[in-house]
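Asker: Have a look at this one.
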Amino acid sequence: MSTPKPDRWRALRLTLITLFVALAYVFAYRGSFIASGSPLDPRDLLSPDLWAKGGPLLGDFLTPDLAARDIEPVTLQLPVPVPCGSAENGAPAASGPRLVPSVPCAEPRDKFTVEGFELQPNTELQLRWRLPSGQYFPGQFITTDADGYFSAEFEARPIVATKDGVPGQIEVELQVEVGELKPSQAFFDVLDGVIVTIFMALMATAAAVVVAAPFSFLAAQNVTRRGPVGTAVYYTVRTIFNILRSFEAIVIATLFAFWVDFGPFAGVLALTVVTVASLGKLFSEAIEGIDPGPVEALTATGANRLQVVWFAIVPQIVPNFVSFIIYHWDINVRISTIIGYVGGGGIGYYLAQMINTGQDNKAGTAIWAIVLVVWAMDFISAEVRKRYT
Amino acid sequence: MARLSLASLLLPGLGQYLDGRRARGLGILGVILAMLGLIWWSLIPQHLSLESRPIPLKGDPANLAWLVVPALIWAWNVWDAARPETARGWIPVSLASIMFFVIGWQAAEINPPVLASNVDRVMLIIRPMLEPDFIQARAEEREGWVELLVPCPAEAPMTTAGSDHAIGVALDAPCGSVGDTLTVTATGLTPDVGVELIWQSPIGDFFPLRQADNPTEFRVEKPDAQGNLTTTFVVPNAIPPGIDPTLPQEQRLYIRQSRPLGGWELSTNGRFILQGIYETIALALMATTLGTLGAFPFSFLAARNLMSSNAFTLGVYVVVRTILNIVRSIESLIIAIVFVVIIGLGPFAGMMAVTVHTIAALGKLFSEVIEGIDPGPIEAIRATGANWLQIIRYGVVPQVVPAFTAFTIYRWEINVRASTIIGVVGGGGIGFFLIQWINLSDYRAVSAAFLAILVVVQVMDFVSAKLRERLA
Amino acid sequence: MLEVQNLHKVYPNGTRALTDVSFNVEDGEFLVVIGLSGSGKSTLLRCVNRLIEPTQGKILWDGVDVTAATGAELRGVRRRIGMIFQQFNLVKRSTVMTNVLAGRLGYVGTAGSLVGLWSAEDKAQALRALERVGLAEKANARADALSGGQQQRVAIARALMQNPQLILADEPVASLDPVLSHSILQYLEQLNREEKITVVCSLHFLDLVHRYATRVIALKDGQVVFTGLPQEIDKARFKEIYGEDAIEVKAGLSA
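Chains as they are written, first to last, in the numbering used here: chain D, 456 to 844; chain Y, -7 to 464; chain A, 921 to 1175.
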């Protein structure tokens, strides 16, 4: 029993601890509130610019690209004879997607206005001349408004003059969705990524079990820690497990990507390494937690060390092991979704590609697929573990 | 019995399900459906685009042969349905394992021989990794240079010599052609300390001159006791391809001497590592703190026992719970990608990502703690006429504090690890530097970063273990 | 004959569990060891088959120095000494049959036993052992599906598989209710009388000692304080062994 410390010592200690914690937070704040290379004022977070940037991005992420119709190019044309009278004037349609020139015909070098109605909204289109020869003469790019309307000035070049009674035509090419709604390309790509990811996790978990199971016995006090050699082995294996557990799989994946090239295999190897460390630790703790009675009983029958392990320890740890293995498969699916980001392969690789090329809807598809798979794995693993143990 | 077999023949697992062995029935159905789906997937050809990698087994008609596995399991299931006592599961389990592992082997492109055949690459990085680039011997770099024209122009050129720290450099000729042997004289050097001879090409690239008899080694010359050096060298061919080699170009010979000052200092990369470690710890601490504070209110909203009193609160419960579950299943690294795009590179984006993930993960754990508390005190406090907030303050909070603390410390350990890699996508911390060094193949710096991560994670684990001991 | 000579056991933490313990057990005896918990009974029994290493002293069994045996020799000694434990020490997730067969491990090869190949003879013997303790129909049940008394009978069957000449029983009935206690001890008594297996058994209850023991030794603080016939233990002796506050607890059928 130590004598109680004087009150002022306690007060001093408390002050020092408070001071230390306060300092830690000051430094933590200064170290973490940095964006784009300069300190970030928390008030900037309220600025509308930031939200204006983030909003559409989040919107894209939230609207995954799952299904699409086949796209067919449709050309919208209207004859505009140059010069006037060289051929019959075109008659614009009364409704539906249509082009309407301000004049029915034109002289060479005349400028006139072309309006488009009921086209695809907010789309970039090219307005051009279709020459009598069948070739086309490119004009300017125009963007339709939210109603699918545009209005643009257009020039009748001499080259578009009527030839052999065939007039030049103004035209735009539309991409029109036709037919049934069906799974989009992104859907199939994401499916591929998800399946490869699940298999990456499966293979890594299986490989890790094969390695971790024997080593975990070496890292279990009650099995190994006997005599100087046993103690040395015990501490060595423990330390290796501990060191490996300090690194995230994604870091190790970069090294393996250098060794075996980018691809799922690099990810599998990295996952295997971290899973060995993590499972090894859990396994050895399970072994340390067994009932020592059967070990004693079988030792008393004259069984040797191997037989004791096999008959007294193994049956006791199987349910724990199975539960840990399934749990790690679940975790590994989660990790392999990001491991592809650096190591290549699986849904992470696809996600990285889509983010880097700015195809945010497709990135959104991948993110939703990840959520779904992780959820499903979570559910299945919890159910199986519940039933088995 | 025959009835159960018939049921299982029609729909795998149905017989077992009807027999009361529901999990077994659902499991059989699930496995067969998964197999059929997998076979379908393996048969459709892959659409290859710029952004996708080919998957080896896709579109191979031979995959159709795998149908034999679900067929066998289907048959086994018919047999199993009628024999609840004797049936063992090892037949379908091993069949399914074979199929999934063989397909997995192909899909994940497992290729162990490449580990051995590429072992030279490992050797390539092991040596630099044994010399982590963190500190270096303190030294003073001094250099002097002399300019010359290669090849000699028609009229006589001027020779200019530049120098700092009083190293004078002079040549015996103002110009030379590739392959000429020239003599260089340098003065003002530190006696008996090695000197490097470095050539600068017309476009400004530096490369050290190599030994004539041993071209894999750089030239290092020793000045005499007075600090003078006279030596000969062969004018190297430093004209980049595409430039007319007959045109006289200004090139330079540098004499560089590194004078040891004694002691050690951080190398440039060492300073980056310290900065990365600082950012890592800072963002982990901020994220854990903010995450815990954020998770706290959500956890009460996501606790069924507190929220099931009426339809409105139950609705809130379902919504909060669903959002927590969705966010929890997205790795913080992926969340970080979004924040980096919105906020910009740096620790803040990473910190926000880890915070968001922490809120979701801790919110769920906390809510489970709340769901597991003893309802007695709540009832007692409710009986005193307390309102919802008062019930939480006096009936719930005292019960959950120990478990909340334990989970927060546990989360702190996870967040430290996450913060070491959040920089891979631009979220700040040591990972930001690490991924760049990996891309630059600077394995001495990579090795130092690995060691730094190891130390930080181990120290932080130790700190949290001590903290846990104190609080327990 | 089992001879224990000047046995000492000091645990690494300094606890003196046994101090200069010496006694002999003739073949065919039913020797009961009594004493308070912590008096060294368990340590003593475990020293006999070297589950615990004695610090000093000698144990001779049939002229073989058990304390000097190592490796295969030690396992050879162990396989002829059956042991029964207070907590039964069955592998709970394995079947009864596997638990009983495990008693044969000292006799069979490592490789064969690890893949679960048992000879027909061993299996037949296991069934006979189970019949003997009245549990033949439970052979394929999992051990944790059995009651405590049944589990202890399985443990006896496991010991029988060793064809033991000596059975060590460490508080075999301390976890069982009185009725079951008698049934378990009766099995041991039967083996002792019919198969001439020597039994060394530690017990807690005086009436069980009176009923089953042919000879008794008492331990107190790791020292032998009494050796003699069960009838010689009267109330006074009992108090001497168990301390002043002890009251004799009856583990009778009426309890």
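The C-beta atom is built at its ideal place from N, Cα and C for all residues, glycine as well.
#1: In whole angstroms, what separates the C-alpha of residue 716 of chain D from that of residue 725 of chain D?
#2: Buried or exposed: which applies to residue 291 of chain Y, given that a residue is buried once 16 or more other Cβ atoms fall within 10 Å of its Cβ?
#3: How would you write the range of the alpha helix (DSSP H) that residue 270 of chain Y sits in, first residue to last?
#4: Among residues of its own chain, excluding the 5 on either side of residue 666 of chain D, which ones have a beta-carbon nearer than 6 Å to its beta-carbon?
#5: Find the residues of chain Y that neighbour residue 479 of chain D, judging by a C-beta separation of less than 8 Å, and give them in chain order.
#6: What does the Cβ neighbour count give for residue 829 of chain D, buried or exposed, with the cut at 16 atoms within 10 Å?
#7: To the nearest angstrom, how far is it from the Cα of residue 9 of chain Y to the Cα of residue 85 of chain Y?
#8: Give the straight-line distance between the Cα atoms of residue 170 of chain Y and residue 714 of chain D, rounded to the nearest whole angstrom.
#9: Relative to the alpha-carbon of residue 159 of chain Y, which residue among Y/218, Y/318, Y/72, Y/113 has its alpha-carbon at the smallest distance?
#10: So the candidates are D/807, D/744, D/691, D/709; which of them puts its Cα closest to the Cα of residue 333 of chain Y?
#11: So the candidates are D/567, D/572, D/778, D/535; which of them puts its Cα closest to the Cα of residue 551 of chain D?
#12: Determine the burial state of residue 60 of chain Y: buried for a count of at least 16 other Cβ atoms within 10 Å of its Cβ, exposed for fewer.
#13: Whole-angstrom Cβ separation of residue 964 of chain A and residue 938 of chain A, contact assumed at under 8 Å?
#14: Tell me, please, whether the CB atom of residue 766 of chain D is closer than 9 Å to any CB atom in chain A?
#15: State the DSSP-derived secondary structure class of residue 188 of chain Y, mapped to helix, strand or coil.
#16: Which value, in whole angstroms, describes the spacing of the CA atoms of residue 210 of chain Y and residue 509 of chain D?
#17: Could you check whether the Cβ of residue 661 of chain D sits closer than 9 Å to any Cβ belonging to chain A?
#18: Between D/833, D/809, D/837, which lies nearest to residue 516 of chain D when the distance is taken from Cα to Cα?
#19: Put residue 129 of chain Y into one of helix, strand or coil per three-state DSSP.
#20: Which runs of the beta strand (DSSP E) fall wholly inside the segment 386 to 429 of chain Y and span at least 3 residues, in chain order?
#21: Using C-beta distances below 6 Å, list every residue in its chain close to residue 66 of chain Y, excluding the 5 sequence neighbours before and after it, in chain order.
#22: Let's test the definition: count the other Cβ atoms within 10 Å of the Cβ of residue 257 of chain Y and tell me whether it reaches 16, buried, or not, exposed.
#23: Would you tell me roughly how many angstroms separate the C-alpha atoms of residue 813 of chain D and residue 372 of chain Y, rounded to the nearest one?
#24: For residue 1091 of chain A, name the three-state secondary structure that DSSP assigns.
#25: So residue 420 of chain Y and residue 275 of chain Y are supposed to be a Cβ contact under 8 Å. How far apart are they, rounded?
#26: Which residues in chain D sit within 7 Å of residue 1023 of chain A, going by Cβ to Cβ distance?
#27: Use the C-beta contact count for residue 203 of chain Y: other C-beta atoms within 10 angstroms, 16 or more gives buried, fewer gives exposed.
#28: Under 8 Å by Cβ, that's how I've got residue 388 of chain Y and residue 365 of chain Y pegged, so tell me the actual separation to the nearest angstrom.
#29: Using 8 Å as the threshold, is the segment 622 to 632 of chain D in touch with the segment 527 to 542 of chain D, meaning 3 or more CB pairs across them?
#30: Would you call the segment 1001 to 1019 of chain A and the segment 1086 to 1098 of chain A in contact, with 3 or more CB pairs under 8 Å?
#31: Which of the residues in the segment 1006 to 1038 of chain A, read from start to end, lie with their CB under 7 Å from any CB of chain C?
#32: Which chain D residues are close to residue 971 of chain A, counting only those with a beta carbon under 9 Å from its beta carbon?
#33: What residues in its chain sit with their C-beta under 8 Å from that of residue 456 of chain D, if we drop five residues either side in the sequence?
#34: In or out: residue 472 of chain D buried (at least 16 other Cβ within 10 Å) or exposed?
#35: Closer than 7 Å, Cβ to any Cβ of chain A: which residues of the segment 736 to 749 of chain D, in chain order?
#36: Can you tell me whether residue 933 of chain A is buried or exposed? The criterion is at least 16 other CB atoms within 10 Å of its CB, across all chains shown.
Answerer: By the coordinates alone:
#1: 13 Å
#2: buried
#3: 260 to 293 is the extent of the alpha helix (DSSP H) around residue 270 of chain Y.
#4: 731
#5: 277
#6: buried
#7: 18 Å
#8: 40 Å
#9: Y/218
#10: D/807
#11: Measuring C-alpha to C-alpha distances from residue 551 of chain D to each of D/567, D/572, D/778, D/535 identifies D/572 as the nearest.
#12: Burial state of residue 60 of chain Y is exposed, judged by a 10 Å Cβ sphere holding fewer than 16 other Cβ atoms.
#13: 6 Å
#14: Closer than 9 Å: yes.
#15: strand
#16: 53 Å
#17: no
#18: D/809
#19: Assigned with DSSP and collapsed to three states, residue 129 of chain Y falls in strand.
#20: none
#21: 4
#22: Residue burial is scored here from C-beta neighbours: residue 257 of chain Y has fewer than 16 other C-beta atoms within 10 angstroms and is therefore classed as exposed.
#23: Near 57 Å, if we compare the C-alpha coordinates of residue 372 of chain Y and residue 813 of chain D.
#24: coil
#25: 6 Å
#26: For residue 1023 of chain A, the chain D residues whose Cβ falls inside 7 Å of its Cβ are 756, in order along the chain.
#27: exposed
#28: 6 Å
#29: yes
#30: Taking 8 Å as the limit for Cβ pairs, the verdict is that the segment 1086 to 1098 of chain A does touch the segment 1001 to 1019 of chain A.
#31: The structure shown contains no chain C; its protein chains are D, Y and A.
#32: 751, 754, 755
#33: The pLDDT assigned to residue 456 of chain D is 47, lower than 50, so where the model puts this residue is not dependable; a value taken from the coordinates is nonetheless given after this. No residues qualify anywhere along the chain.
#34: exposed
#35: 748, 749
#36: exposed
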